[in-house]
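Visitor: Protein chains in written order, with this note's numbering: chain A, 380 to 672; chain B, 77 to 384; chain C, 87 to 453. Dropping the structure in here first, questions after.
Structure (structure tokens):
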């Protein structure tokens, strides 16, 4: 659909096109500015930052801030950079994404193809769980993780992310499988395939796109999480986002903006990478998460 | 005389339902059960737990003797809480309306058969892939009163330019609006763009034949047809606004003073740093009620429509 | 004893009774067509036979065995779906062989069975393709192949031709019919298309609102519809329904129609004596209303009616003419070369041998 002006005269249409393109380019520059500033600052020396212009390109680009952010920057009492926290996040994200995706796929399968009385209520309750403010479960979760000895551990965070990601993964697969023809399931039943066989042989081979969407969505959400990380972990067990915040908001010593920015880029890299490689699926995930039902 | 042939009475064998057959019908429920149980316990059970705590006098540790609405009285007598509510109102209204307006505006621009759409679209959307902490860090630097935008303007020759919102008690909340809008408006744009692409082109052609100018087509036909997208955008943005926590922590830390306190930061600090667990719980319950009021009618109508 | 017997089958969904006390029998090798408007329960009935949906009450007996509680795969049935339901991720060969694979048939035997079926259906060259690469007609054949390869006791067809275009539909219809002839398969076939029902069936079941309206051979259903619904549903253009009254004059039974302006002999399908003045509905198919040149010379009872022509619809082979008299209209079928135009008066010949009479109070046919 496009209501491009075809009825107006050629001259004014041309002017309109120029205005539209200029507006879009201007807006694009505004959206890119923070990223640009973040990157250029990370390549500058502290002296250049203090003396120079934020928007200027680095006069003498160096990786110094990057190596420092990765391996030497002080976070809390340790000065080993963010690399440990980066790996914490990886160790947290991978199992959490895989487990929640597998469970979501099975849930979506049951909720669309093996319906039972009350399936709607079950789904509604799981769906609402996507929206609750997590503040409403923080205190009990902190207690329970403490009781089971999972407080301040990666395992604990994996568990938390699986629990609160289930609603989303179930939603994605449910909506995808909803559009999957029931007749195929019937045909497979008549052909003699059972519950798991139908899932494994008929549904799963056709689920590629939604698996990608779900993994990307979960990966982005869990990697970017801050609230659970800061609530249920501390010190050396923290995920990347918490460490970045500790680094940036620490008020001791000299403020090294270039190191802060390099660390921020490190924190942003995995999700940006996924976004650039599979942007289409990323957007689809956002949309699927936004438009319910 | 006719002889009546004996009619063989065949009682067809009727197989009893075997154990495996019954297991077969239960299997789907068995598969779903763990997830549902997890949701019941860790979402709804925990919510009830939090509600219970809000009726106690819990401080640094939970205590379980009920004292009624004490925590709610204390919550609503905190100037800090009023600050949080007021800030949420400012942030929420501006965040939702600006994201919607800018998102719709860019979407309409992008819908004019733009050649570089494939290049521009990711630029508007990439902030959504970033963590709020990264966004906060970037904007904190960008808006830094000494070294950021202000200095750049001075260098450009605009000596009197002053931009200290980040440390200005009255203006700090608006920096959060700016960063929030920067992050989410591209996503709203994508939603609107998808909505625009979903509109039947023949309707537009009909309107053009009816003689409607482009502006009127958008105002009278297209934008009204995007109603469902407005609703979806509102729901998404409203619940993101209420849940916003990371961005505030990373950008202003709730300060200066309590100038950018939001219910989410209020809950966290009262619960975990100020040892007022009951008051923290009460504030969490208020947040939950706010989101419930928005989400439940929406989900209810969405799930009902799908009944057919 | 019948090969397939459905006894007092009922199905409730919530408070809605979608199948009401259905009883049907079918002999081995029979071709049963379930026909009716959408929502009449015909697909529900088929799903119940397939075991894809639990029953509320009643029994399904196949070859002496109650199959009510058997899993669909254990009933030894095969089904062809409206959407064909081909597995999108498998090749044609894998699609056809899937059921055999699930039953543990070894690979070489499977290959042979698949090739035989593919040969019968002339789809050998498609075996390595995926469903998305096939045309509608080819998909249809693969779906039939998937059913045939199993050699089941009963084939179920759920509106298998409704997704094909008109020409292909006629072709496939003929092919299904010859398949039935050649294999002696027992078939249950669901359709909303009364022509499919007429051409294919050895036995037709007409359903409406979950209840059986009539069971019979195509000829019985067409010529002696049990009630107004069946009469109206089967046949196109629909049967003419003319309001009338039973009268007798000089001992001959007649029906007066068109507000008493025309009297026609009582059709021979009515053998009971009807009271004078009793209201009836005279049902006459368009082919029973012709021009004078097309009159069946063997007809016993005919009547000439002059009426105003309203609409002329030539089909090429014949021409359908709609005319009115005394405010009621009817459609007749005349020769294509009869000169006839709207707003003219034309003499129609009613062949009462083909007429049936209904009771307007009960909607049932009078005998």
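For glycine and all other residues, C-beta sits at the position ideal for the given N, C-alpha and C. Since the structure is predicted, the reported quantities are computational estimates derived from the model, not experimental observations.
Can you check whether the C-beta of residue 176 of chain B is within less than 9 Å of a C-beta belonging to chain A?
Guide: The residue given as residue 176 of chain B occupies position 100 in the second chain. No, residue 176 of chain B lies away from the interface with chain A (no Cβ there is under 9 Å from its Cβ).
Visitor: Starting from residue 117 of chain C, follow the beta strand (DSSP E) in both directions and report where the run begins and ends.
Guide: As a position in the third chain, residue 117 of chain C is number 31, starting the count at 1. Where residue 117 of chain C is concerned, the enclosing beta strand (DSSP E) stretches over 117-121.
Visitor: Are at least three pairs of beta-carbons, each pair with one atom in the stretch 326-335 of chain B and one in the stretch 518-527 of chain A, less than 8 Å apart?
Guide: Judged by Cβ distances under 8 Å, the stretch 326-335 of chain B makes no contact with the stretch 518-527 of chain A, as fewer than three pairs qualify.
Visitor: Give a yes or no on whether the C-beta atoms belonging to residue 172 of chain C and residue 228 of chain C are separated by under 9 Å.
Guide: By one-based count along the third chain, residue 172 of chain C stands at place 86. By one-based count along the third chain, residue 228 of chain C stands at place 142. In this structure, residue 228 of chain C lies closer than 9 Å to residue 172 of chain C by Cβ.
Visitor: What residues in the stretch 439-471 of chain A have a beta carbon less than 9 Å from any beta carbon of chain C?
Guide: Cβ contacts with chain C: none found.
Visitor: Who are the Cβ neighbours of residue 250 of chain B in its own chain at under 7 Å, not counting the five residues just before and after it?
Guide: Numbered from 1 along the second chain, position 174 holds the residue referred to as residue 250 of chain B. So the qualifying residues of the chain are 241.
Visitor: The beta strand (DSSP E) spanning residue 418 of chain C covers which residue range?
Guide: Start at 1 with the first residue of the third chain, and residue 418 of chain C comes out as number 332. First-last of the beta strand (DSSP E) with residue 418 of chain C: 414-421.
Visitor: I'd like to know if residue 572 of chain A contacts chain C, where contact means its C-beta is closer than 9 Å to some C-beta of that chain.
Guide: The sequence position of residue 572 of chain A within the first chain is 193, counting from 1. Yes - at least one Cβ of chain C is within 9 Å of the one on residue 572 of chain A.
Visitor: DSSP three-state call for residue 257 of chain C: helix, strand or coil?
Guide: Reading the third chain from its first residue, position 171 is the one you call residue 257 of chain C. Here residue 257 of chain C sits in helix by DSSP.
Visitor: Closest to residue 394 of chain C by CA distance: which of C:405, C:401, C:383 and C:411 is it?
Guide: As a working mapping, residue 394 of chain C is identified with position 308 in the third chain. The shortest Cα separation from residue 394 of chain C among C:405, C:401, C:383 and C:411 belongs to C:411.
Visitor: Looking only at its own chain, which residues have a Cβ that is under 6 Å from the Cβ of residue 185 of chain C, when we skip the five neighbours before and after it?
Guide: Counted from its first residue, the third chain places residue 185 of chain C at position 99. Same-chain partners within the cutoff: 236.
Visitor: Rounded to a whole number of angstroms, what is the C-alpha to C-alpha distance between residue 625 of chain A and residue 454 of chain A?
Guide: As a position in the first chain, residue 625 of chain A is number 246, starting the count at 1. As a position in the first chain, residue 454 of chain A is number 75, starting the count at 1. The straight-line gap from Cα to Cα measures roughly 6 Å.
Visitor: Use the C-beta contact count for residue 421 of chain A: other C-beta atoms within 10 angstroms, 16 or more gives buried, fewer gives exposed.
Guide: Working through the first chain from its first residue, we reach residue 421 of chain A at position 42. That one is buried.
Visitor: Could you pull out every residue in the same chain whose Cβ sits closer than 6 Å to the Cβ of residue 160 of chain B, ignoring the five residues on either side in sequence?
Guide: As a first step, residue 160 of chain B must be located in the second chain, where it is residue number 84. For residue 160 of chain B, where only same-chain residues beyond five positions count, the Cβ hits under 6 Å are 337, 338, 339 and 342.
Visitor: Roughly how many angstroms separate the alpha carbons of residue 107 of chain B and residue 168 of chain B, rounded to a whole number?
Guide: Here residue 107 of chain B is taken as the residue at index 31 of the second chain, counted from 1. Here residue 168 of chain B is taken as the residue at index 92 of the second chain, counted from 1. Roughly 40 Å separates the two Cα atoms.
Visitor: When DSSP labels each residue in this structure, what does residue 143 of chain C get in the three-state scheme?
Guide: Reading the third chain from its first residue, position 57 is the one you call residue 143 of chain C. Here residue 143 of chain C sits in strand by DSSP.
Visitor: Find out if the Cβ-Cβ distance for the pair residue 490 of chain A, residue 501 of chain A is shorter than 9 Å.
Guide: The residue you call residue 490 of chain A lines up with position 111 of the first chain. The residue you call residue 501 of chain A lines up with position 122 of the first chain. A contact, by the Cβ cut-off of 9 Å.
Visitor: When we look at the beta-carbon of residue 512 of chain A and count the other beta-carbons within 10 Å, is it buried (16 or more) or exposed?
Guide: Position 133 of the first chain, counted from the first residue, corresponds to residue 512 of chain A. Buried: at least 16 other Cβ atoms inside 10 Å.
Visitor: Skipping 5 residues on each side, what residues in its chain have a beta carbon closer than 7 Å to that of residue 352 of chain B?
Guide: Counting from one through the second chain, the residue named residue 352 of chain B turns up at place 276. The answer, listed in chain order, is 135 and 346.
Visitor: Sort C:201, C:157, C:99 and C:89 by Cα distance to residue 150 of chain C and report the nearest one.
Guide: By 1-based counting over the third chain, the position of residue 150 of chain C is 64. With distances taken between Cα atoms, residue 150 of chain C lies closest to C:89.
Visitor: Under 9 Å between the Cβ atoms of residue 349 of chain C and residue 333 of chain C?
Guide: Numbered from its first residue, the third chain carries residue 349 of chain C at position 263. Numbered from its first residue, the third chain carries residue 333 of chain C at position 247. Their beta carbons are under 9 Å apart, which means residue 349 of chain C touches residue 333 of chain C by this criterion.
Visitor: What residue ranges within the stretch 145-205 of chain B form continuous alpha helix (DSSP H) runs of no fewer than 4 residues, ordered along the chain?
Guide: With a minimum length of 4 residues, the continuous alpha helix (DSSP H) runs that stay inside the stretch 145-205 of chain B are 146-151, 155-186 and 193-201.
Visitor: With burial defined as no fewer than 16 other Cβ atoms inside 10 Å of the residue's Cβ, what is the status of residue 537 of chain A: buried or exposed?
Guide: One-based indexing of the first chain puts residue 537 of chain A at position 158. Classification of residue 537 of chain A: buried, given that the 10 Å Cβ count is 16 or more.
Visitor: Helix, strand or coil for residue 112 of chain C per DSSP?
Guide: One-based indexing of the third chain puts residue 112 of chain C at position 26. Reduced to three states, the DSSP call for residue 112 of chain C is strand.
Visitor: Starting from residue 91 of chain C, follow its DSSP beta bridges and name the residues at the other end.
Guide: The count along the third chain starts at 1 and reaches residue 91 of chain C at position 5. Bridge partners of residue 91 of chain C: C:111 and C:147.
Visitor: Please give the ranges of any beta strand (DSSP E) in the stretch 180-254 of chain C, keeping only runs that are unbroken, at least 3 residues long and fully inside the region.
Guide: Segments of the beta strand (DSSP E) lying fully in the stretch 180-254 of chain C: 240-244.
Visitor: Measure the Cβ-Cβ separation of residue 232 of chain C and residue 566 of chain A and say whether it is below 9 Å.
Guide: Here the question's residue 232 of chain C lines up with position 146 in the third chain. Here the question's residue 566 of chain A lines up with position 187 in the first chain. Yes, these two residues count as a Cβ contact at 9 Å.
Visitor: Taking the alpha-carbon positions, what's the residue 370 of chain C to residue 496 of chain A distance?
Guide: For the purposes of this step, residue 370 of chain C is taken as the residue at position 284 of the third chain. For the purposes of this step, residue 496 of chain A is taken as the residue at position 117 of the first chain. Residue 370 of chain C and residue 496 of chain A: Cα-Cα distance of roughly 49 Å.
Visitor: Can you say whether residue 458 of chain A is buried or exposed, counting buried as having 16 or more other CB atoms within 10 angstroms of its CB?
Guide: Here residue 458 of chain A refers to the residue found at position 79 of the first chain. Exposed is the call here.
Visitor: Would you check if the distance between the CB atom of residue 584 of chain A and the CB atom of residue 94 of chain C is smaller than 9 Å?
Guide: As a first step, residue 584 of chain A must be located in the first chain, where it is residue number 205. As a first step, residue 94 of chain C must be located in the third chain, where it is residue number 8. Result no, Cβ atoms of residue 584 of chain A and residue 94 of chain C do not sit closer than 9 Å.
Visitor: If you check the beta carbons only, do residue 510 of chain A and residue 371 of chain B fall under 9 Å apart?
Guide: Residue numbering aside, residue 510 of chain A sits at position 131 when the first chain is read from its first letter. Residue numbering aside, residue 371 of chain B sits at position 295 when the second chain is read from its first letter. Yes; because the gap between Cβ atoms is below 9 Å, this pair is in contact.
Visitor: Candidates C:278, C:338 and C:297: which alpha carbon is nearest residue 357 of chain C's?
Guide: Stepping through the third chain from its first residue, residue 357 of chain C is reached at position 271. Answer by Cα proximity: C:338.
Visitor: Tell me whether residue 123 of chain C is buried or exposed, calling it buried when 16 or more other Cβ atoms sit within 10 Å of its Cβ.
Guide: To locate residue 123 of chain C, count along the third chain from 1; it is residue 37. Looking at its Cβ environment, which holds fewer than 16 other Cβ atoms inside 10 Å, residue 123 of chain C is exposed.
Visitor: Between the stretch 308-324 of chain B and the stretch 264-273 of chain B, do at least 3 Cβ pairs fall closer than 8 Å?
Guide: These segments touch.
Visitor: Assign residue 649 of chain A to buried or exposed, taking buried as 16 or more other Cβ atoms, counted over all protein chains shown, within 10 Å of its Cβ.
Guide: As a first step, residue 649 of chain A is located in the first chain; it is residue number 270 there, counting from the start. With 16 or more other Cβ atoms within 10 Å, it is buried.
Visitor: If the cut-off is 7 Å on Cβ atoms, which residues from the stretch 311-334 of chain B count as contacting chain A, listed in chain order?
Guide: For the stretch 311-334 of chain B, which is checked against every Cβ of chain A, the residues closer than 7 Å are 312, 315, 318, 319, 321, 322, 325, 326 and 329.
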